[in-house]
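Participant: Those protein sequence lines, which keep their order, are chains A and B. If you use this note's numbering, the first sequence corresponds to residues 1 to 124, in order. If you use this note's numbering, the second sequence corresponds to residues 1 to 325, in order.
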Amino acid sequence: MSKRFVVYVLCLAVLNLGSPLAAQAGMVSTLQAVEASTRVRDLATVNAALAREEVRAQFAALGVEPTQVESRVAALTDSELRTLAGQMGEMPAGADALAVIGIVFLVLLILEAVGVIDVFKKFP
Amino acid sequence: MTARTRASAALLGLVALLSAGCASRGPVLDPLVAGRHPSSIELDGTPFFPQQQYQCGPAALATVLAASGAAVTPEALVAEVYLPGRRGSLQPELTAAARRHGRVPYVLPPDEDALVATVAAGLPVLLLQKLGAGPLPGWHYAVLVGYDAPRDRFVLRSGTERRKEMSGPQFLATWDRAGRWALVALLPGVLPPAADFARYMEAVAGLEAVGRGETAAPAYAAAARRWPAEPLPRLALANLDYARGDLAAAERGFHAAAQLDPQDAAARNNRAEVLRQLGCMTAARREIEVARALAVGGPLAPAVESTARQIAEQAQGDAVGCPAD
Chain A
1 MSKRFVVYVL
11 CLAVLNLGSP
21 LAAQAGMVST
31 LQAVEASTRV
41 RDLATVNAAL
51 AREEVRAQFA
61 ALGVEPTQVE
71 SRVAALTDSE
81 LRTLAGQMGE
91 MPAGADALAV
101 IGIVFLVLLI
111 LEAVGVIDVF
121 KKFP
Chain B
1 MTARTRASAA
11 LLGLVALLSA
21 GCASRGPVLD
31 PLVAGRHPSS
41 IELDGTPFFP
51 QQQYQCGPAA
61 LATVLAASGA
71 AVTPEALVAE
81 VYLPGRRGSL
91 QPELTAAARR
101 HGRVPYVLPP
111 DEDALVATVA
121 AGLPVLLLQK
131 LGAGPLPGWH
141 YAVLVGYDAP
151 RDRFVLRSGT
161 ERRKEMSGPQ
171 FLATWDRAGR
181 WALVALLPGV
191 LPPAADFARY
201 MEAVAGLEAV
211 GRGETAAPAY
221 AAAARRWPAE
231 PLPRLALANL
241 DYARGDLAAA
251 ERGFHAAAQL
261 DPQDAAARNN
271 RAEVLRQLGC
281 MTAARREIEV
291 ARALAVGGPL
301 APAVESTARQ
311 IAEQAQGDAV
321 GCPAD
């Protein structure tokens, strides 16, 4: 019974972490004002607190060190959290140019195998 | 045909295939530069961090951060932006990491004009390229550090190459395929050339949202000078005054914002709340009623209603020195 109570309190605390300005009743934060005045909001689709939970889980699943997960989540704005939530597996992950070298190598290998070119003979 | 010539012929064919679709286009840099920018420029002083495997994100980010004067290394940034499960870095994490190092991460409008103008203004640009196709997309971050219009070449810090040149059409094609995403890391107070108001304010407000409000202050001040008719930068500065506990300065700032745009519900709501805390109940009531009428049905309605309730609960009366309007 008391354990369940602690869990509820912790859940609420975690949900509150996401919106530090919500505690100041009534004041409109600059980011709120920016969002309200400069662009269409898609808040209806993903709640920021849920997005935060999801991104946290995804970070852990994608191999981020447990000690770094919190600070990386904390660095993201609500709109970035909503962008990441549910998409971290598909978004472009800029890596390096090796993929292209890979393609070239693959094509060369195929051309070699079907006898069009003859570049790998020296490495039997 | 020797093996060597046959191999180079195959390679040439492959290169032609990969760059197909670009070959028919004429030079791209000439019309972009066209008397508005120097015909060639190269930001030689931009540092170079050769990337480790898969880590062009940390390397490219370190390049633009160091160019703006931040003391960073790619190795330190790996822990902030590298995602082992994706063997790469995602765009929102690059903007987040730029903020952690006290820079304003301004995402450029998706046109090549902005790209060229930004480099011409002396700011290196971090951008995403798609070098491959199909199952091997080849997403890659590089930093644009210059161009040469007469030769139609773009100059990049890319991967392990300190100075990589790409032809105009080829470079723009790789950028276009990656969704035309480009980022500058601005020292707060520095505005990008031809800055877009909404993009800039969103970039700066992100700093405040992650608890770096004081870092954002010079950026808001610069915006207030650049766009004197816009109420938002004044509202932002007043919010910082409020966060510092300087209620009188905050009240003046919100008042200035509301005078620039009498329809600004956020400025009126925040001024009403500050007036309440100052004990100026007559003015607070008047201001919150205007804010309520403006905010009804909009995204700010809940905040305004909450302020209105607090004002209604507080006893009437006015402290000494309350504003007359």
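For glycine and all other residues, C-beta sits at the position ideal for the given N, C-alpha and C. This structure is a prediction, so every number in the text was calculated from the model and none was measured.
Just verifying my parser: in three-state terms, what is the DSSP assignment at residue 41 of chain B?
Facilitator: Residue 41 of chain B falls in the strand class under three-state DSSP.
Participant: Just verifying my parser: in three-state terms, what is the DSSP assignment at residue 27 of chain A?
Facilitator: Residue state, collapsed to three classes: coil.
Participant: For residue 177 of chain B, which of B:217, B:162, B:134 has the nearest alpha-carbon?
Facilitator: Nearest of B:217, B:162, B:134 to residue 177 of chain B, Cα basis: B:134.
Participant: Measuring only the C-alpha atoms, how far is residue 103 of chain B from residue 75 of chain A?
Facilitator: In a straight line, the C-alpha of residue 103 of chain B is about 13 Å away from that of residue 75 of chain A.
Participant: Using a Cβ-Cβ distance cut-off of 8 Å, determine whether residue 310 of chain B contacts chain A.
Facilitator: Yes, its Cβ sits closer than 8 Å to a Cβ of chain A.
Participant: Checking contacts by CB at 8 Å: is residue 86 of chain A closer than that to chain E?
Facilitator: The structure shown has no chain E; the protein chains it does contain are A and B.
Participant: Would you kindly check if the distance between the Cβ of residue 61 of chain A and the Cβ of residue 57 of chain B is under 8 Å?
Facilitator: Not a contact, by the Cβ cut-off of 8 Å.
Participant: Touching or not, the region 243 to 258 of chain B and the region 272 to 290 of chain B, by the rule of three or more beta carbon pairs under 8 Å?
Facilitator: As far as the Cβ criterion goes, the region 243 to 258 of chain B touches the region 272 to 290 of chain B, which means the pair count is three or higher.
Participant: According to the neighbour-count rule (16 or more other Cβ atoms, all chains shown, within 10 Å of its Cβ), is residue 38 of chain B buried or exposed?
Facilitator: Residue 38 of chain B should be labelled exposed.
Participant: Beta-carbon separation of residue 80 of chain B and residue 100 of chain B under 8 Å?
Facilitator: Cβ atoms of residue 80 of chain B and residue 100 of chain B: closer than 8 Å.
Participant: Considering just the uninterrupted stretch of the beta strand (DSSP E) at residue 140 of chain B, what are its terminal residues?
Facilitator: Residues 139 to 148.
Participant: Going along chain B, which residues have a C-beta under 7 Å from residue 28 of chain A?
Facilitator: Chain B residues near residue 28 of chain A: 266, 269, 270, 300, 303.
Participant: Which chain A residues are close to residue 236 of chain B, counting only those with a beta carbon under 7 Å from its beta carbon?
Facilitator: Those are 30, listed as they occur along chain A.
Participant: Can you grab the Cα-Cα spacing for the pair residue 284 of chain B / residue 272 of chain B, in whole Å?
Facilitator: Rounded to the nearest angstrom, the two C-alpha atoms are 4 Å apart.
Participant: Please list, in chain order, the chain B residues whose beta carbon lies closer than 9 Å to that of residue 72 of chain A.
Facilitator: The answer, in chain order, is 79, 80, 81, 93, 96, 97.
Participant: Taking Cβ positions, are residue 72 of chain A and residue 64 of chain A nearer each other than 8 Å?
Facilitator: Cβ atoms of residue 72 of chain A and residue 64 of chain A: closer than 8 Å.
Participant: Which residue comes first and which comes last in the beta strand (DSSP E) that contains residue 129 of chain B?
Facilitator: Residues 125 to 130.
Participant: With three or more beta-carbon pairs closer than 8 Å as the criterion, would you say the region 194 to 201 of chain B touches the region 137 to 144 of chain B?
Facilitator: In short, these stretches do not touch, since the Cβ pair count stays below three.
Participant: Under 9 Å between beta-carbons, which chain B residues line up against residue 66 of chain A? List them in chain order, please.
Facilitator: Within chain B, no residue comes near residue 66 of chain A; the closest Cβ sits about 12 Å away, beyond 9 Å.
Participant: Looking only at its chain, what residues have a beta carbon closer than 6 Å to the beta carbon of residue 93 of chain B, apart from the 5 residues adjacent to it on each side?
Facilitator: Excluding residues within five positions, the ones whose Cβ falls inside 6 Å are 81.
Participant: Inspect the CB distances between the region 151 to 163 of chain B and the region 39 to 53 of chain B and report whether three or more fall short of 8 Å.
Facilitator: These segments touch.
Participant: What is the DSSP secondary structure of residue 114 of chain A, reduced to helix, strand or coil?
Facilitator: Here residue 114 of chain A sits in coil by DSSP.
Participant: Do residue 146 of chain B and residue 42 of chain B have their C-beta atoms closer together than 8 Å?
Facilitator: It is a contact, given that the beta carbons lie within the stated cut-off.
Participant: What did DSSP end up calling residue 82 of chain B once you bin it into helix, strand or coil?
Facilitator: Note: residue 82 of chain B maps to coil in three-state DSSP.
Participant: Quick one: what's got a C-beta closer than 6 Å to residue 265 of chain B's C-beta in the same chain, skipping five residues either side?
Facilitator: The answer, listed in chain order, is 291, 294, 295, 300.
Participant: Are the beta-carbon atoms belonging to residue 203 of chain B and residue 124 of chain B less than 8 Å from one another?
Facilitator: Cβ atoms of residue 203 of chain B and residue 124 of chain B: not closer than 8 Å.
Participant: Whose C-beta lies closer than 8 Å to the C-beta of residue 128 of chain B among residues of the same chain, with five residues either side of it excluded?
Facilitator: Cβ within range, chain order: 91, 139, 140, 141, 175, 178, 179, 181, 182.
Participant: Find the residues of chain B that neighbour residue 62 of chain A, judging by a C-beta separation of less than 8 Å, and give them in chain order.
Facilitator: Simply 83, 84, 85, 86.
Participant: Exposed or buried, what is residue 106 of chain A when buried is set at 16 or more other beta-carbons lying within 10 Å of its beta-carbon?
Facilitator: Under this definition residue 106 of chain A is an exposed residue.
Participant: Find the nearest neighbour of residue 188 of chain B within the set B:172, B:169, B:213, judged by alpha-carbon distance.
Facilitator: The option with the nearest alpha carbon to residue 188 of chain B is B:213.
Participant: Any heavy atom of the ligand NAP closer than 7 Å to the beta-carbon of residue 58 of chain A?
Facilitator: Inclusion of the ligand NAP in the displayed structure is not the case, the ligand content being empty and no account of it being possible.
Participant: Determine the direct distance from the alpha carbon of residue 261 of chain B to that of residue 320 of chain B, and round the result to whole angstroms.
Facilitator: C-alpha separation (whole angstroms): 28 Å.
Participant: Beta-carbon of residue 115 of chain A versus every beta-carbon of chain B: anything under 8 Å?
Facilitator: Output row for residue 115 of chain A: interface = no.
Participant: What in chain A is Cβ-close to residue 100 of chain B, meaning under 8 Å?
Facilitator: Neighbours of residue 100 of chain B on chain A, chain order: 75.
Participant: Can you give the Cα-Cα distance for residue 267 of chain B and residue 309 of chain B, rounded to whole angstroms?
Facilitator: Roughly 17 Å between the two C-alpha positions.
Participant: Any C-beta of chain A sitting closer than 8 Å to the C-beta of residue 40 of chain B?
Facilitator: No, its Cβ sits nowhere closer than 8 Å to a Cβ of chain A.
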